[in-house]
Every structure is written in C-alpha cells, then in structure tokens.
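Student: Please read through the structure below; I'll follow up with questions.
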Amino acid sequence: MPLVSMFELLQRAKRERFAVGQFNMNNLEFTKAIMEAAEMERAPFIFGVSEGAMKYMGERYVVALARAAAEESPIPVVLHLDHGSSFESVMRAIRAGFTSVMFDGSHLPFAENVRITREIVRVAHAMGVSVEGELGTIGGVEDDLSVEEEDAHIAKPEEAIRFYEETGVDALAIAVGTAHGMYKGRPHIRFEIIDEVARAIPVPIVLHGGSGVPDEDIRRAIALGVGKINVNTENQVAMTQTIKRVFEGKPDVYDPRKYLGPAKDAMRDVVRGKMRLFGSSGKA
Ligand code: 13P
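Our numbering puts the first residue of the sequence shown at 179, with every later residue one more than the last.
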C-alpha cells in the first residue's frame with residue numbers, strides 16, 4: 179500500500195497499549211532488513227530518516243526506497259523525518275514525499291519551540307502529514323547531533339502538557355532519561371513523568387534512544403503510555419558485528435553481497451525481536 183502517516187497507527191497504539199517501532203533507515207540493507215522483519219511479524223512500523231542519513235543517501239533515493247518497500251506490501255509503513263532541525267528542513271521533507279515529520283526544537287526557549295512546532299503542525303496537517311515534537315533534551319550522539327549528559331535535561335510534566343495543548347502534535351518526545359547510542363550503565367528512566375504526561379494528553383509519548391534499554395523497562399514504559407519507540411544503534415551494531423565476523427572467517431571476500439547479505443539478516447532478527455517486545459507484532 180502507499181506510505182501512510184502516523185495518525186491512525188499511533189492512536190491505535192495508545193488505545194491498545196503497544197508501541198510502533200521507529201527503525202532508522204541508513205541504506206538499502208537497512209530498508210530491506212526492516213521490511214522483511216515487518217512482513218514476518220505482520221507489524222506496522224516507521225522508517226526514521228535523520229538529516230544526516232538524508233545527506234548520505236540523497237532525498238530522492240530515500241523516498242524511492244521507502245515507497246518501493248511499502249508499495250510491495252500490505253503492511254502500513256510510515257516515512258518519518260527524525261529530528262528535523264528547522265521549519266525549512268521539515269518543509270523540504272514533506273515536499274519530497276515524507277508522510278510524517280519530527281521538528282526538534284528542544285534546544286530552543288519554550289515559547290519559540292511552541293511557535294515553530296505549531297506552525298509546522300498547521301502546514302503538515304493540511305497536507306495529511308503527522309508531526310512529532312520534542313521537549314527536554316535527549317542526551318547522547320546521533321549523526322551530527324551530540325548532547326553531553328550534563329546538558330541533557332529531563333522534561334517537566336506541566337511544560338510537556340502545555341506544549342501538547344499549544345501545538346497539537348500527534349506524538350510527543352520527552353526527555354525521560356534515555357539517550358541516543360549505547361549506555362554505559364542502566365538508564366534511569368523517569369517513569370513517573372511518562373505516567374503523568376500520558377494521562378493528561380491523548381497522543382502517545384515517544385521514547386528516543388531505545389537501544390540498550392532493558393526489556394522490562396520498555397514494557398513498563400509502554401504500559402504507561404509510550405506508543406512509539408526509536409531504535410537505531412542496536413541495528414547498526416548487529417550489522418557491523420556481522421560484517422566483522424564474515425571478514426574474520428574469510429578475509430579475502432570482495433563481493434559486498436557476501437557480507438552485506440548476512441549483515442542484513444542479522445539486523446532483521448534484531449528488528450523482529452523489538453517488534454515482539456513492543457507488542458506491535460500481528461497489528462498490521
Ligand atoms: P538509539 O540509536 O539509541 O537506538 O536511538 C535512536 C533514536 O532515538 C533515533 O531518534
């Protein structure tokens with residue numbers, strides 16, 4: 179089917195207490211690994227594309243890959259801009275064919291973040307495109323975006339609720355203690371914040387930095403109202419470790435299909451595991 183927006187998917191996720199996985203797309207093998215996992219699990223999902231990945235692959239290739247994957251399949255697939263950094267960047271993604279966008283104004287003063295996010299919601303909704311906003315700062319490194327742990331700050335529940343009311347976003351990412359990249363220790367997730375915000379707003383909360391979060395914490399977050407979880411690093415690690423293993427066994431391999439194929443299969447298995455954990459298996 180054609181690419182879809184997050185509207186219906188996320189409403190259902192919140193209602194039925196499961197989470198839709200956002201899996202970042204970085205190349206053809208990522209695209210296929212995620213799509214194959216979704217078909218095996220009958221799970222709806224979101225292709226997340228950061229501005230860095232967009233630069234790497236090229237806007238037209240990204241949209242063409244996502245469309246090709248979705249159109250061949252009965253599974254609902256969303257193409258979502260991850261951490262859009264400006265009004266202009268978000269508009270470019272919509273024009274290119276994205277069905278969902280995130281505007282990350284979390285580094286801006288609250289009023290400025292609200293003003294730009296609200297404007298994006300107005301335009302995006304007129305075009306049938308869903309919008310994710312962000313409040314509080316999520317730590318860690320993602321592409322060119324790096325936030326030191328001490329600069330990452332947890333969202334205040336009353337601000338998050340006000341942010342939703344003033345912007346009308348379809349999903350709200352709030353910093354609750356997770357970070358992009360791998361964790362040094364166990365992340366300290368502020369479940370009480372998820373609980374308070376999720377009760378007060380009708381749209382799901384988004385958990386960024388899903389890699390390396392213990393399964394029981396993921397289940398608890400979903401039970402409280404997290405309806406979208408982003409995963410990238412664990413997939414990157416699965417792919418790279420498999421490539422290393424192939425070369426350890428056969429250092430003379432030169433056909434990329436001989437190492438990218440097994441790498442794609444390894445990543446597919448990681449994605450399947452996440453879809454089951456998130457409760458999205460069987461929801462397509
Ligand atoms: P991880 O790379 O930590 O899984 O985070 C992904 C993410 O949040 C993308 O926005």
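We put the CB at the ideal spot given by N, CA and C, even for glycine.
Because the structure is a prediction, the values reported are computed rather than measured.
Quick one: does the C-beta of H261 sit closer than 7 Å to a heavy atom of the ligand 13P?
Tutor: Walking along the sequence shown from the start, residue 261 turns up at place 83. Yes.
Student: Strictly by DSSP, which residues pair up with G260?
Tutor: By 1-based counting over the sequence shown, the position of residue 260 is 82. Looking at the sequence shown, residue 260 is not Gly but Asp. Answer by DSSP bridge pairing, in chain order: S228.
Student: Is it buried or exposed, E312, if we count other Cβ atoms within 10 angstroms and call 16 or more buried?
Tutor: Position 134 of the sequence shown, counted from the start, is the residue given in the question as residue 312. Buried.
Student: Given I212, which residues of its chain have a CB within under 6 Å of its CB, disregarding the five upstream and five downstream residues?
Tutor: Along the sequence shown, one-based indexing puts residue 212 at 34. Cβ neighbours of I212 beyond the five flanking positions: F201 and V449.
Student: Considering only heavy atoms of the ligand 13P, does any lie closer than 7 Å to the CB of G363?
Tutor: Residue numbering aside, residue 363 sits at position 185 when the sequence shown is read from its first letter. Because no heavy atom of the ligand 13P lies under 7 Å away, the Cβ of G363 does not count as near it: no.
Student: Between the alpha carbons of L402 and K428, how many angstroms are there, rounded?
Tutor: Looking up residue 402 in the sequence shown gives position 224. Looking up residue 428 in the sequence shown gives position 250. Straight-line Cα distance between these residues: approximately 47 Å.
Student: Since L188 and V381 are thought to touch, with beta carbons under 8 Å apart, how far apart are those beta carbons, to the nearest angstrom?
Tutor: Start at 1 with the first residue of the sequence shown, and residue 188 comes out as number 10. Start at 1 with the first residue of the sequence shown, and residue 381 comes out as number 203. Between V381 and L188 the Cβ distance is about 7 Å, and since that is below 8 Å, they are a contact.
Student: Using CA coordinates, which residue listed in V409, M417, F185 and S228 is at the minimum distance from V391?
Tutor: By one-based count along the sequence shown, residue 391 stands at place 213. Of the listed residues, the one whose Cα sits closest to V391 is V409.
Student: Inspect the CB distances between the stretch 225-232 and the stretch 433-442 and report whether three or more fall short of 8 Å.
Tutor: With the cut-off at 8 Å, the stretch 225-232 and the stretch 433-442 do not touch.
Student: Report all residues for which the CB-ligand distance to some heavy atom of the ligand 13P is below 5 Å; order them along the chain.
Tutor: Those satisfying the condition are, in chain order, D260, H358, H386, G387, G388, S389, N408, V409, N410 and T411.
Student: Can you tell which of H261, A216 and F208 has the C-alpha that lies nearest to the C-alpha of M235?
Tutor: Looking up residue 235 in the sequence shown gives position 57. Comparing Cα-Cα distances from M235 to each of H261, A216 and F208, the minimum goes to F208.
Student: The beta strand (DSSP E) spanning N202 covers which residue range?
Tutor: Your numbering for residue 202 matches position 24 in the sequence shown. Start and end: V198 to N202.
Student: If we call anything under 8 Å between Cβ atoms a contact, is D348 one with M184?
Tutor: Locating residue 348 in the sequence shown gives position 170, where the first residue counts as 1. Locating residue 184 in the sequence shown gives position 6, where the first residue counts as 1. Result yes, Cβ atoms of D348 and M184 sit closer than 8 Å.
Student: Are the beta-carbon atoms of V299 and V182 separated by less than 8 Å?
Tutor: Reading the sequence shown from its first residue, position 121 is the one you call residue 299. Reading the sequence shown from its first residue, position 4 is the one you call residue 182. The answer is no: Cβ separation not under 8 Å.
Student: At what residues does the beta strand (DSSP E) containing N408 begin and finish?
Tutor: For the purposes of this step, residue 408 is identified with residue 230 of the sequence shown, where counting begins at 1. Looking at the DSSP string, the run of the beta strand (DSSP E) that includes N408 is V404 to V409.
Student: Quickly, what does DSSP pair V182 with across the bridge? List them, please.
Tutor: By 1-based counting over the sequence shown, the position of residue 182 is 4. In DSSP, V182 forms a bridge with V256.
Student: If you pair each beta-carbon of the stretch 370-381 with each one of the stretch 336-355, do three or more pairs fall below 8 Å?
Tutor: Counting Cβ pairs under 8 Å, three or more are found: they touch.
Student: In angstroms with no decimal places, state the Cα-to-Cα distance between A463 and G346.
Tutor: With the chain represented from 179 up to 462, any question about residue 463 goes unanswered, as that position is not in the structure.
Student: Among M360, R220, D393 and E337, which has the Cα closest to the Cα of E374?
Tutor: Position 196 of the sequence shown holds residue 374. Nearest C-alpha to E374: E337.
Student: At a cut-off of 7 Å, would you count A246 as near the ligand ADP, judging by its Cβ distance to the nearest heavy atom?
Tutor: In terms of ligand content, the structure shown lacks the ligand ADP and carries the ligand 13P instead.
Student: Where do the N-terminal and C-terminal ends of the beta strand (DSSP E) with L350 fall, by residue?
Tutor: Stepping through the sequence shown from its first residue, residue 350 is reached at position 172. A349 to I352 is the span of the beta strand (DSSP E), which, as asked, contains L350.
Student: On the premise that G405 lies in contact with A216, defined as a C-beta separation below 8 Å, what is that separation, rounded to the nearest angstrom?
Tutor: Mapped onto the sequence shown, residue 216 falls at position 38. Mapped onto the sequence shown, residue 405 falls at position 227. About 17 Å separates the two Cβ atoms, so there is no contact after all.
Student: CA-CA distance, V384 and K422?
Tutor: If you number the sequence shown from 1, residue 384 lands on position 206. If you number the sequence shown from 1, residue 422 lands on position 244. Going by the C-alpha atoms only, they are around 33 Å apart.
Student: With a CB to CB cut of under 7 Å and the five nearest residues on each side skipped, what residues in its chain are close to H386?
Tutor: As a position in the sequence shown, residue 386 is number 208, starting the count at 1. Excluding sequence neighbours, H386 sits near I316, A351, T356, H358 and N408.
Student: If you follow the alpha helix (DSSP H) that F265 is part of, which residue opens it and which one closes it?
Tutor: The sequence position of residue 265 within the sequence shown is 87, counting from 1. Segment F265 to A274, the alpha helix (DSSP H) holding F265.
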